[in-house]
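Peer 1: The numbering of the sequence shown is my numbering, which starts it at 81 and goes up by one.
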Amino acid sequence: MSTHITQTSSFNQKLLNVLDSRGVVQDRLPGDMLVLPNDMYDVSVSVNDFVVSDTINYSLEKLYDNWLYLISSSIIPSNNIPNADYYTSIIADTPTTGLSWFDSTQFPVISSTTSDGELNGIKKITKITNTVNSNNYNLIATTTTNIILLSGTNDSNVSVIQNDQNPLNIIRSDSSITHPSNNINFLSISNHLVNHSNELFVLDDTLKSLFKFDISGMLTLDKAILNNDTPGRLMTGMVGSPGQVDDRNKFYHPVSMTSVDDLIYVLDFHPQQGSTVKVFDSQLNWKNNTSLGIALSSGPIDIKYNHDTRKFYILCHITAYGGPPTAPELFVYDEMFNFVESIDLMESGRHNESIKSEAFKSIDFSIENPNIMYLLSESNIYKKYVSRPTDFIGRFKIEEKRIGSGDVTDMKFQDITINSTIVTHGDESIQKDEIFLYESEYEIIHKFQEDSNYEQSLETQFDEKVLYLSELTILPTESVNTFVYNKTLMKHVYNNALLLENTSRKFTTTYDVAGISQYIGFQYLNISELSTIRYTTTMNNYIGVNEVVTTHTINRCLEEIYKLQLVLLSSMQEKPTNIYPLVSEPIVLTVRDASSNSGFLLIEHEQEDTPLVAPTVPSVSVPEDPSE
């Protein structure tokens with residue numbers, strides 16, 4: 081089954097649809113060495129093939145796919161994460177203000193605390209939409225033993241979390257009792273979720289049970305439900321008891337769960353017997369078990385479903401279970417839980433080994449761009465492509481951007497939740513990810529608005545002038561002659577030359593201390609570089625009037641287009657400012673010394689955790705006509 085990946089919005093919809101239909105994903109990352117998907121061997125017409133339309137079209141399609149790859153490579157994600165302009169507010173509980181929203185420009189000074197505040201001990205948070213007022217914030221949080229329900233209004237992104245009926249009364253349900261009728265206390269909540277019907281499900285690892293709650297009172301501010309013994313919620317069902325991973329209605333070690341439509345998928349884990357996914361409907365009726373075997377013996381942490389790829393993703397990390405440091409792994413399954421692949425989420429030797437020892441918490445997928453996923457550890461938030469999970473787009477620059485109100489080095493992240501939000505700029509409405517991030521050391525819920533934030537090396541009107549495959553092939557009904565062939569070849573030359581004409585700058589990248597390459601800006605091509613990418617068509621690009629149309633003749637023309645694509649590829653390669661691993665040893669340089677018999681003088685230069693920076697190339701503007 082093919083994987084569908086949502087594209088960026090950097091080009092017009094027609095071009096995006098073409099990229100999608102041809103399976104070309106815009107997932108270039110800083111540090112990539114660009115390579116065309118088809119080399120000249122793939123493009124060439126075989127010696128034994130007939131030079132007919134079908135044969136030539138096959139080769140032309142290979143060149144077309146190369147061209148699409150070059151277009152996709154003109155997009156690179158920014159490592160400016162999160163965008164400081166959209167780090168809007170935090171929720172904190174202070175002695176002077178109580179539980180409140182604080183604007184990011186007026187954060188209170190909060191010291192590290194272990195006090196029993198309103199936000200103490202949260203392990204997981206979820207935001208849901210209020211059914212009465214869409215601008216109302218509804219946050220569900222769970223600690224080890226409590227459910228906390230928070231509801232409030234939003235006014236220009238900054239508001240006190242409050243009950244609409246009483247602005248001073250926060251709707252907070254922290255009772256450990258699941259329901260007054262059974263007096264069952266939560267002992268170790270491992271996970272919770274809200275399904276598409278706005279029903280709350282809570283998983284308790286010690287009780288080995290799954291609970292279902294009606295939270296309509298929270299969503300509608302129904303006084304009858306708000307004023308009961310468990311304010312804001314009513315337990316409507318439960319399933320489970322201590323058992324084994326192959327039991328239907330019992331659990332051994334339920335670690336996480338996810339929902340798809342009306343179904344709840346619970347991941348049950350046994351270190352020796354392996355893992356099983358147990359499926360229930362929304363009424364907690366058992367549907368089926370699927371054994372995953374011992375494939376997850378490295379220790380499952382979180383399970384999520386991606387609606388775009390239509391696959392399940394299970395995050396595993398042996399470090400979370402007290403084992404030796406290893407790279408976190410991602411196990412991928414299709415909708416029927418057939419194994420697809422397992423992926424190390426970091427590349428050994430390319431990324432800092434310290435990443436292995438981080439305490440990973442969860443994965444979540446972007447709504448604005450489902451090809452983006454967030455990987456949360458206790459100390460970092462990493463942004464990755466779903467299509468390239470081993471590599472990193474980057475990580476949240478918590479310290480650099482001075483996020484929070486305390487010592488950022490002490491922060492401990494517990495959970496992240498992704499929601500959709502619409503941001504208006506003038507007449508334009510832009511979809512973004514609204515991210516809530518809970519930090520436990522200072523007991524703060526951070527709110528961000530994040531998007532894909534891509535940079536582009538092409539001129540923005542480029543996509544309005546391109547030709548598509550239907551215009552770039554020889555029709556079966558057309559006559560086999562040099563005029564027809566040359567017309568098609570000229571269109572391919574035009575497409576690639578158009579791309580070259582609109583390429584005027586290169587991305588600049590650098591590696592950080594963790595070995596994550598990041599975009600830092602761009603440089604315009606200088607005069608020397610512009611001279612190397614000039615391209616002039618010659619008679620070799622076309623079939624001569626008196627030439628016999630043979631494989632040799634057509635391959636010569638195809639090769640000229642391929643050479644143009646190689647020029648494009650070179651012009652799009654990034655300019656790195658350093659290498660990884662970062663230089664930490666003395667660098668020995670040789671400088672000519674006339675007084676020395678050897679003619680060279682050794683100069684030692686000491687670097688400590690300092691990148692080796694390449695000389696800066698002067699920037700120049702590109703004239704409309706390079707011949708000027």
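Using N, Cα and C, we set each Cβ at its ideal position, and we do this for glycine too.
1. Where do the N-terminal and C-terminal ends of the beta strand (DSSP E) with tyrosine 599 fall, by residue?
2. Does DSSP put glycine 354 in a helix, a strand or coil?
3. Tell me the rounded alpha-carbon separation between asparagine 307 and aspartate 444.
4. State buried or exposed for glycine 679, treating a residue as buried only when at least 16 other CB atoms are found within 10 Å of its CB.
5. Please go through the same chain and pick out, in chain order, the residues whose beta-carbon is closer than 7 angstroms to the beta-carbon of asparagine 246, but skip the five residues on each side of it.
6. Return the chain-ordered list of same chain residues with a C-beta closer than 6 angstroms to the C-beta of serine 255, the five sequence neighbours on each side being excluded.
7. Does the region 631-650 come close enough to the region 113-127 to have 3 or more Cβ pairs within less than 8 angstroms?
8. Do leucine 283 and leucine 290 have their beta-carbon atoms positioned less than 8 angstroms apart in this structure?
9. In angstroms with no decimal places, state the Cα-to-Cα distance between methionine 337 and isoleucine 269.
10. Just reading off the beta strand (DSSP E) that glutamine 536 is part of, what are its end residues?
11. Across which residues does DSSP place tryptophan 147 in a beta bridge pair?
12. Going by beta-carbon coordinates alone, are valine 212 and leucine 148 separated by less than 8 angstroms?
13. Buried or exposed, going by whether 16 or more other CB atoms sit within 10 Å of the CB of leucine 301?
14. Would you call the region 571-588 and the region 414-421 in contact, with 3 or more CB pairs under 8 angstroms?
15. In whole angstroms, what is the alpha-carbon distance linking lysine 441 and threonine 223?
16. Can you tell me the Cα-Cα spacing of glycine 601 and threonine 588, whole angstroms?
17. Let me make sure I understand the geometry here. Which of Leu287, Asp173, Ser437 and Asn369 has the alpha-carbon closest to that of asparagine 263?
18. Just to confirm before moving on: does the CB-CB distance between leucine 538 and serine 154 stay below 8 angstroms?
19. On the CB-based measure, 16 or more other CB atoms within 10 Å of its CB, does alanine 407 come out buried or exposed?
20. Within 10 angstroms of the Cβ of leucine 646, are there 16 or more other Cβ atoms? Answer buried if so, exposed if not.
21. So, with DSSP's three-state summary, where would you put leucine 376?
22. With 16 other CB atoms within 10 Å as the buried threshold, where does threonine 176 fall?
23. Measuring straight from C-alpha to C-alpha, what distance separates tyrosine 660 and phenylalanine 266?
24. Whole angstroms are fine: how far does the CA of leucine 638 sit from the CA of tyrosine 622?
25. List the DSSP bridge partners of aspartate 183.
26. Please classify asparagine 449: is it buried, with 16 or more other beta-carbons within 10 angstroms of its beta-carbon, or exposed?
27. Figure out for me which residue from Thr568, Gly197, Tyr615 and Ser584 has the closest Cα to the Cα of leucine 143.
28. Quick one, are the C-beta atoms of leucine 343 and aspartate 361 less than 8 angstroms apart?
29. In the DSSP assignment, the beta strand (DSSP E) including methionine 315 goes from what residue to what residue?
30. Measuring only the C-alpha atoms, how far is glycine 595 from glutamate 458?
31. Counting along the chain, where does the beta strand (DSSP E) carrying serine 442 start and finish?
32. List, from N- to C-terminal side, the beta strand (DSSP E) runs of 3 residues or more that fit wholly inside the region 440-507.
33. Which of the three DSSP states, helix, strand or coil, is assigned to valine 274?
34. My output table needs one value for aspartate 341: the three-state DSSP class, helix, strand or coil.
35. Which full runs of the beta strand (DSSP E) of 3+ residues lie inside the region 549-636, going along the chain?
36. Please name the residue in Asn566, Leu395 and Tyr599 whose C-alpha comes closest to that of glycine 624.
Peer 2: So, from the data block:
1. Segment 597-604, the beta strand (DSSP E) holding tyrosine 599.
2. Glycine 354: strand per DSSP, three-state reduction.
3. Those two C-alpha atoms are separated by around 34 angstroms.
4. Below a pLDDT of 50, predicted positions are generally treated as unreliable, and glycine 679, at 43, falls in that range; the measurement from the model is reported next regardless. By the 10 Å Cβ count, glycine 679 comes out exposed.
5. With a pLDDT of 47 at asparagine 246, under the threshold of 50, the modelled position of this residue cannot be trusted; read the value that follows with caution. No residues qualify anywhere along the chain.
6. Around serine 255: Thr310.
7. Touching, yes.
8. Yes. Within cutoff.
9. Put simply, the backbone Cα of methionine 337 is about 12 angstroms away from that of isoleucine 269.
10. If you look at glutamine 536, you'll find it in the beta strand (DSSP E) that goes 534-536.
11. DSSP, once it has assigned bridges, lists no residue as partnering tryptophan 147.
12. Note that the C-beta distance between valine 212 and leucine 148 is not below 8 angstroms.
13. Taking all protein chains shown into account, leucine 301 has 16 or more neighbouring C-beta atoms within 10 Å of its C-beta and is therefore buried.
14. Segments in contact, no.
15. Rounded to the nearest whole angstrom, the C-alpha separation of lysine 441 and threonine 223 is 14 angstroms.
16. Linking glycine 601 to threonine 588 through their CA atoms gives a straight-line distance of about 5 angstroms.
17. The shortest Cα separation from asparagine 263 among Leu287, Asp173, Ser437 and Asn369 belongs to Leu287.
18. Between leucine 538 and serine 154, the C-beta spacing is below 8 angstroms.
19. When all chains shown are included, alanine 407 counts as buried.
20. Leucine 646 counts as exposed, since fewer than 16 other beta carbons sit within 10 angstroms of its beta carbon.
21. Leucine 376 carries a coil assignment under DSSP once its states are collapsed to helix, strand and coil.
22. Taking all protein chains in view, the Cβ of threonine 176 is surrounded by fewer than 16 other Cβ atoms within 10 Å, so the residue is classified as exposed.
23. Going by the C-alpha atoms only, they are around 48 angstroms apart.
24. The C-alpha of leucine 638 is placed about 9 angstroms away from the C-alpha of tyrosine 622.
25. Its beta-bridge partners are Ser169.
26. Burial call: buried.
27. That would be Thr568, whose Cα lies nearest to the Cα of leucine 143.
28. Yes. Within cutoff.
29. For methionine 315, the enclosing beta strand (DSSP E) covers residues 314-320.
30. Put simply, the backbone Cα of glycine 595 is about 19 angstroms away from that of glutamate 458.
31. Per DSSP, the unbroken beta strand (DSSP E) holding serine 442 starts and ends at 440-445.
32. Correct list: 440-445, 452-457, 461-465 and 493-505.
33. In the structure shown, valine 274 sits in a strand (DSSP, three-state: E or B).
34. Aspartate 341: coil per DSSP, three-state reduction.
35. List check, beta strand (DSSP E) in window: 585-591 and 597-604.
36. Among Asn566, Leu395 and Tyr599, the Cα nearest to that of glycine 624 belongs to Asn566.
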